[in-house]
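Participant:
There are 2 protein chains.
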Amino acid sequence: MATSASTASLRVGLAQINPRVGDLNFNLAKVEEFVAKAEQAGCDVVAFPELTLSGYPPEDLVLKPGFVADIRVALEKVAARSGRCAVVVGFVDNVDDGTVEPSSARPPRLFNAAALCANGVVAGVYHKQLLPNYAVFDEARYFAAGHDDVTLYDVGGVVLSLSVCEDLWVAEGPVARQRAAGSQLCLNINGSPFDRGKSGVREATVVERARETAMPIVYVNQVCGQDELVFDGGSVVVDSTGNVVARAAHFEEELLIADVRVPTRAPSVRAIPVSSAGSQRAAVPSRVAVIDDPRDRVLGALALGTRDYVTKNGFTDVVLGLSGGIDSALVAAVAVEALGAAHVHGVSMPSRYSSTGSRTDAADLARNLGIDLLTIPIEPAFASYLAMTTDAFSGLATDLTEENLQSRVRGTTLMALSNKFGWMVLTTGNKSELAVGYFTLYGDSVGGFAVIKDIFKTDVYALSHRVNERAGRELIPRSTLDKAPSAELRPDQRDDQSLPPYDVLDAVLALYVEQDRTAAEIIAFGFEESLVRRIVGLVDNSEYKRRQLPPGVRVTSKAFGKDRRLPITNAYRG
Amino acid sequence: MATSASTASLRVGLAQINPRVGDLNFNLAKVEEFVAKAEQAGCDVVAFPELTLSGYPPEDLVLKPGFVADIRVALEKVAARSGRCAVVVGFVDNVDDGTVEPSSARPPRLFNAAALCANGVVAGVYHKQLLPNYAVFDEARYFAAGHDDVTLYDVGGVVLSLSVCEDLWVAEGPVARQRAAGSQLCLNINGSPFDRGKSGVREATVVERARETAMPIVYVNQVCGQDELVFDGGSVVVDSTGNVVARAAHFEEELLIADVRVPTRAPSVRAIPVSSAGSQRAAVPSRVAVIDDPRDRVLGALALGTRDYVTKNGFTDVVLGLSGGIDSALVAAVAVEALGAAHVHGVSMPSRYSSTGSRTDAADLARNLGIDLLTIPIEPAFASYLAMTTDAFSGLATDLTEENLQSRVRGTTLMALSNKFGWMVLTTGNKSELAVGYFTLYGDSVGGFAVIKDIFKTDVYALSHRVNERAGRELIPRSTLDKAPSAELRPDQRDDQSLPPYDVLDAVLALYVEQDRTAAEIIAFGFEESLVRRIVGLVDNSEYKRRQLPPGVRVTSKAFGKDRRLPITNAYRG
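In order, the protein sequence lines correspond to chains W and R.
Anchor point for the first sequence: position 150 equals 150 in this note's numbering, and the numbering is continuous, going up by one each time.
Counting the second sequence from 1 gives a position; this note's numbering is that position plus 574.
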């Protein structure tokens, strides 16, 4: 609506929702709920995240033509429901704009699209131009690139342009070209996954683009867990000088409302008329949400990722083995945060090698967290396996086989509880262990979700301390934090008998796994050659084990999952 | 070499090799070995498969700049070794040709390249133009598209052009444009994975392109197993009228040699001079290898895929549970074909519910195949688990939990043998079971390789009959072929108590899993609604289980693996 001779103001709603992949009815109802709220708040436009209707990322679901057709039906319903308040939703478009060039024998023919709906119709459609196809992203598998920069929309007297996620990440790209064509406001919808370094980079990118184009940017992100990915929200409005004027919560749904002021439109700019200006109203103050401690971002991601994976897959309760060690303690604390103590079940499974301290620590943790604790000693099954294999193993020394047997008895016991009670098993391995294969396949790795799969051991400690700090008491027992890590699969075992100190190990792993350095390069950085060769060999040789792990929350820029697609059969030792 | 006034003849070697992904020294030695053979045979040019030096597909290895640098070193060695016989090898090029446009914030900067080496130098480099990024292919993740059609080479007096795999699959594409620029011979190098429908399609495509361009095509494929993929060889030479004049073996290494006749070059065509014409020599007859029975192609793929996975990962021996059923029988037969009977170890693990017939069938199979058979009854461990969970399960009925326990005792027992003796466990689940989740995670699904993961149950029968047919006797016992399938996890259990008849199930699965049909579409084809809904629900709900399976040989156009990337958290029920 016009507010003075030289500026106009648009009230925008940023619908930071938690959609469900594939659940078109749920997503449609969610859109309708937030549109109603935005209308009540007097918004001129309300924008939803990338691929709103399908949920993001829909992956190979979009290869089903029937699914794409169902999305179209949902879009028509959004349009039919729309009124003066324009609605921007993401969807999968199958209407070819004629610009697709053959990139292969089977080039994609779909578009990652944003629709602008108002007054009962789809007023316009934008096709995403830049398609991320790196890291966890496979968008070139599904989508062709759009090419249109000149379609602008007049919404409430303001000329705006649409863009989708990656379009914003390149200087002199689609957003700058839209600005050159006359856009006064960039409306960018996103499915931008969390990693611990990304919130800062993401917002800096929005600010940089606003400054480059001297145009305000409305940046809407979703907030949910979807398999290994967490989307942390943090939707923002940045003004044309690069100031963050509004920011939504992280890890929670929110309708963020902001009044965005832009210069009055130049009469020469051609824009599709979408909606009229609203009536005069008082300006709304916008909030700017903040998370101070970076560990809280990671803990927030772990809790949201766990909650959404468990509940969206139809589970209410989880079960995990409590060894008395720090990994299971942190996972239990996250699970309680995610699901509530009544829905978390701990199991202590002592063996002939378990220390008294471990049993006490497990019991203390369960009491501190208020979760139930079942105790099932594993000796009977372990002894049976030893008896069953006596003949076959006759004359052979005890080795890793017997250690793995204990771990597998525990895994089988947890799965029996899962089967009988319908609880999802949470796996407790950390990234350091999973990297070097320091776990037993079908043993401690069993489960539906691997909560701290992408957290190095050194970070497990940092996060555990933060858990206690936030609680204001020792939820995780001090002795768990202080003792030397051990798998307790043979007498007096300690992790440091098999592995380098975790600070060294994690530093080498960060270079090798997350930064794609070769062994030779890491040695050149000053790490000891035999140590590096040993670690790299362990990582390479356990690729087959990691392929059989459950999914877990991605919190770094390269997790073990879609991020890191190395061959199992791989002889490279550079 | 010139043979008459109007035609010239070029002797080409098609080096259908079995490379190793990441093993640059091995691949380099293999290239040198085949170059020497080609030179001895008087070849003017010898061509190797796509990405020869890294092995194909190298996946995320190419994201390591150190790996790409090492490939360059290997290429320089090939060039240094080359003489008058030109050598075409595939490699990863990191020299930008200046044509890369930003497709995202992190566009790929590498090229899937072919180098033409002769007389000690790299005479030219070609960049693949069409990049498959569908099905199992992720080439847009790694590579930018090349754009050059006009660089031609004069090799032995013949003007030829280079192309890589997908470049050949599009009409009016790179090959046609090279022809228009003056090429007389298309030299196309490939890493084209097997699926049971593909050999025919692939060769028809080569023939079609030869006819379209009226140009002979030399098509070189590799022959190997690499994780889930099998490359079946079948390299061909097609003349300018579309006749197949030479075809290499399937599933075996071979240097195929052919004399290719082309019109004498037009003096106006500009081509980089690479090598001189050779001396006069007698023409060589070329062989045209054939596989008649389509089941032999699938059996060949299973054997090669299994052999290469096992041996390239450093194993010599495999172990598998022999239930007396047809799945384990077929897997055992394939393993014997792949590795030899002395390297295959069968284990019979009877329970309180195992029939006498099952034990006899397992023993008969082992005897027929000449493999050893260990018998380890699972009752002791099973009874221990029941005792351990008596308190926790008090008052609750027996259910799937106890069935799964038996399967997990077997899985744990196999893993103990694997750990103690260094044998890789082969998993025996078929595609029908894995599709509907009719298996126990950490039970019958444990193992390093799932040989028949991509074979529907109906095809398991067809292949088993063929195994006996080829052997000329009943390797797989008749009673195994004839009896009703059963998991034998409770008294009188049969698969058809839990599942529809396999012919119906497999027909629905082919539509749902392999052809991306929705439930609604399948029902519209005439299948019973409740049956389709039930099957589709089973498939969707067991996605999380399939993610934890070992790799297995892909033999269809859509296997459970990189081919089918559906979200686990997925509410779509269309």
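Just so it is clear, CB atoms sit at the ideal spot from N, CA and C, and this is done for glycine as well.
Reducing DSSP to helix, strand and coil, say where Arg352 (chain W) ends up.
Facilitator: Translated into the one-based positions of the first sequence, residue 352 (chain W) becomes position 352. Residue state, collapsed to three classes: coil.
Participant: Measure the C-alpha to C-alpha separation of Val586 (chain R) and Asn313 (chain W) and round it to an integer number of angstroms.
Facilitator: Your numbering for residue 586 (chain R) matches position 12 in the second sequence. Your numbering for residue 313 (chain W) matches position 313 in the first sequence. Between Val586 (chain R) and Asn313 (chain W), the C-alpha separation is close to 57 Å.
Participant: Starting from Pro273 (chain W), trace the beta strand (DSSP E) in both directions and tell me its first and last residue.
Facilitator: The residue labelled residue 273 (chain W) in the question sits at position 273 within the first sequence. Pro273 (chain W) -> beta strand (DSSP E) spans 272-275.
Participant: Report yes or no: do the stretch 762-770 of chain R and the stretch 800-808 of chain R share at least 3 C-beta pairs separated by less than 8 Å?
Facilitator: yes
Participant: Considering only their Cβ atoms, is the gap separating Gly895 (chain R) from Leu1015 (chain R) smaller than 8 Å?
Facilitator: What you label residue 1015 (chain R) is simply residue 441 of the second sequence in a count that begins at 1. What you label residue 895 (chain R) is simply residue 321 of the second sequence in a count that begins at 1. No.
Participant: Report yes if the C-beta distance between Val1127 (chain R) and Val804 (chain R) is below 8 Å; otherwise report no.
Facilitator: Position 553 of the second sequence, counted from the start, is the residue given in the question as residue 1127 (chain R). Position 230 of the second sequence, counted from the start, is the residue given in the question as residue 804 (chain R). A contact, by the Cβ cut-off of 8 Å.
Participant: Run through chain W and tell me which residues come within less than 7 Å of Tyr1118 (chain R), C-beta to C-beta.
Facilitator: Sequence index remark: in the second sequence, residue 1118 (chain R) carries index 544 (1-based). Per Cβ cutoff of 7 Å: Gly448.
Participant: Provide the residue span of the beta strand (DSSP E) that contains Leu426 (chain W), from first to last.
Facilitator: The residue labelled residue 426 (chain W) in the question sits at position 426 within the first sequence. Residues 424-427.
Participant: What does Glu59 (chain W) reach in chain R if we use C-beta pairs closer than 8 Å?
Facilitator: Position 59 of the first sequence, counted from the first residue, corresponds to residue 59 (chain W). In chain order: Arg1139, Leu1140, Pro1141.
Participant: Touching or not, the stretch 392-410 of chain W and the stretch 281-300 of chain W, by the rule of three or more beta carbon pairs under 8 Å?
Facilitator: No: fewer than three Cβ pairs fall under 8 Å.
Participant: Whether or not the stretch 712-720 of chain R and the stretch 678-688 of chain R are in contact is what I'm after, with contact meaning three or more pairs of Cβ atoms, one per stretch, closer than 8 Å; do they touch?
Facilitator: yes
Participant: Are there three or more Cβ pairs, one per stretch, closer than 8 Å when the stretch 524-539 of chain W is compared with the stretch 269-288 of chain W?
Facilitator: no
Participant: Measure the alpha-carbon distance for Ser771 (chain R) versus Ala778 (chain R) and round it to whole angstroms.
Facilitator: Residue 771 (chain R) sits at position 197 when you count from the first residue of the second sequence. Residue 778 (chain R) sits at position 204 when you count from the first residue of the second sequence. Note that residue 771 (chain R) corresponds to Gly in the displayed sequence, not to Ser. Straight across, the Cα-Cα distance linking Gly771 (chain R) with Ala778 (chain R) is about 12 Å.
Participant: Rounding to the nearest angstrom, what Cα-Cα distance links Val1020 (chain R) and Leu947 (chain R) in this structure?
Facilitator: In the second sequence, the residue the question calls residue 1020 (chain R) occupies position 446. In the second sequence, the residue the question calls residue 947 (chain R) occupies position 373. About 19 Å.
Participant: Do Pro593 (chain R) and Thr626 (chain R) have their C-beta atoms closer together than 8 Å?
Facilitator: Position 19 of the second sequence, counted from the start, is the residue given in the question as residue 593 (chain R). Position 52 of the second sequence, counted from the start, is the residue given in the question as residue 626 (chain R). Contact: yes.
Participant: For Gly629 (chain R), count neighbouring Cβ atoms within 10 angstroms of its own Cβ and tell me buried if that reaches 16, exposed if not.
Facilitator: Along the second sequence, one-based indexing puts residue 629 (chain R) at 55. Residue burial annotation: Gly629 (chain R) is buried, with at least 16 other C-beta atoms found within 10 angstroms of its C-beta.
Participant: On the CB-based measure, 16 or more other CB atoms within 10 Å of its CB, does Gln1122 (chain R) come out buried or exposed?
Facilitator: Here residue 1122 (chain R) corresponds to residue number 548 of the second sequence, with the count starting at 1. Buried, by the Cβ-count rule.
Participant: Can you tell me whether Thr963 (chain R) is buried or exposed, with buried defined as 16 or more other CB within 10 angstroms of its CB?
Facilitator: On the second sequence, residue 963 (chain R) is found 389 positions in, with the first residue counted as 1. Looking at its Cβ environment, which holds 16 or more other Cβ atoms inside 10 Å, Thr963 (chain R) is buried.
Participant: Please report the residue range of the beta strand (DSSP E) in which Asp806 (chain R) lies.
Facilitator: As a first step, residue 806 (chain R) is located in the second sequence; it is residue number 232 there, counting from the start. Residues 803-806.
Participant: Beta-carbon within less than 7 Å of Glu252 (chain W)'s beta-carbon, same chain only, minus the 5 sequence neighbours each way: which residues are those?
Facilitator: Along the first sequence, one-based indexing puts residue 252 (chain W) at 252. The beta carbon of Glu252 (chain W) sits closer than 7 Å to the beta carbons of Val223, Gly233 from its chain, once the five residues preceding and following it are set aside; these are given in chain order.
Participant: Could you tell me whether any Cβ in chain W is nearer than 8 Å to the Cβ of Trp997 (chain R)?
Facilitator: Taking the second sequence and counting its residues from 1, the one referred to as residue 997 (chain R) is at position 423. No, Trp997 (chain R) lies away from the interface with chain W (no Cβ there is under 8 Å from its Cβ).
Participant: Using a C-beta cutoff of 8 Å, does Lys420 (chain W) count as contacting chain R?
Facilitator: Counting from one through the first sequence, the residue named residue 420 (chain W) turns up at place 420. Yes, Lys420 (chain W) counts as interfacial toward chain R.
Participant: Name, please, each residue of chain W whose Cβ falls closer than 8 Å to the Cβ of Ile763 (chain R).
Facilitator: Residue 763 (chain R) sits at position 189 when you count from the first residue of the second sequence. Chain W residues near Ile763 (chain R): none, gap ~16 Å exceeds 8 Å.
Participant: Since Gly411 (chain W) meets chain R, which of its residues come closer than 7 Å, beta carbon to beta carbon?
Facilitator: Taking the first residue of the first sequence as 1, we reach residue 411 (chain W) at position 411. Per Cβ cutoff of 7 Å: Tyr1016.
Participant: If you follow the beta strand (DSSP E) that Asn419 (chain W) is part of, which residue opens it and which one closes it?
Facilitator: The residue labelled residue 419 (chain W) in the question sits at position 419 within the first sequence. No beta strand (DSSP E) contains Asn419 (chain W), which is instead part of the alpha helix (DSSP H) from 400-421.
Participant: Under 8 Å between the Cβ atoms of Asp259 (chain W) and Ala283 (chain W)?
Facilitator: Mapped onto the first sequence, residue 259 (chain W) falls at position 259. Mapped onto the first sequence, residue 283 (chain W) falls at position 283. Going by C-beta atoms, Asp259 (chain W) is nearer than 8 Å to Ala283 (chain W).
Participant: Just reading off the beta strand (DSSP E) that Gln16 (chain W) is part of, what are its end residues?
Facilitator: Numbered from its first residue, the first sequence carries residue 16 (chain W) at position 16. That run of the beta strand (DSSP E) goes 7-16.
Participant: Any beta carbon from chain R within less than 8 Å of Gly529 (chain W)'s own beta carbon?
Facilitator: As a working mapping, residue 529 (chain W) is identified with position 529 in the first sequence. Per the sequence shown, the amino acid found at residue 529 (chain W) is Glu instead of Gly. Not an interface residue.
Participant: Would Leu830 (chain R) and Leu598 (chain R) be called neighbours here (beta carbons separated by less than 8 Å)?
Facilitator: Taking the first residue of the second sequence as 1, we reach residue 830 (chain R) at position 256. Taking the first residue of the second sequence as 1, we reach residue 598 (chain R) at position 24. For Leu830 (chain R) and Leu598 (chain R), no; Cβs fall outside 8 Å.
Participant: List the DSSP bridge partners of Cys186 (chain W).
Facilitator: Mapped onto the first sequence, residue 186 (chain W) falls at position 186. Answer by DSSP bridge pairing, in chain order: W:Ser161, W:Ile217.
Participant: Just to confirm, are Leu761 (chain R) and Ser735 (chain R) a CB contact at a threshold of 8 Å?
Facilitator: Along the second sequence, read from residue 1 onward, the residue named residue 761 (chain R) stands at position 187. Along the second sequence, read from residue 1 onward, the residue named residue 735 (chain R) stands at position 161. Yes, these two residues count as a Cβ contact at 8 Å.
Participant: Within 8 Å, do at least three Cβ pairs link the stretch 412-432 of chain W to the stretch 324-342 of chain W?
Facilitator: yes
Participant: Could you spell out where the alpha helix (DSSP H) holding Ala435 (chain W) opens and where it closes?
Facilitator: Against the first sequence, residue 435 (chain W) aligns to sequence position 435. 431-436 is the span of the alpha helix (DSSP H), which, as asked, contains Ala435 (chain W).
Participant: Please list the partners that Lys638 (chain R) has in chain W, where partner means a Cβ-to-Cβ separation under 7 Å.
Facilitator: As a position in the second sequence, residue 638 (chain R) is number 64, starting the count at 1. Near Lys638 (chain R) (Cβ distances below 7 Å), the residues of chain W are Asp516, Thr518.
Participant: Which ranges does the alpha helix (DSSP H) cover as unbroken runs of at least 4 residues, wholly within the stretch 315-360 of chain W, from first to last along the chain?
Facilitator: 326-339
Participant: Closest to Asp44 (chain W) by C-alpha separation, out of W:Phe137, W:Ser279, W:Ser199, W:Val125, would be which residue?
Facilitator: Locating residue 44 (chain W) in the first sequence gives position 44, where the first residue counts as 1. Selected option, being the one with the closest Cα: W:Ser279.
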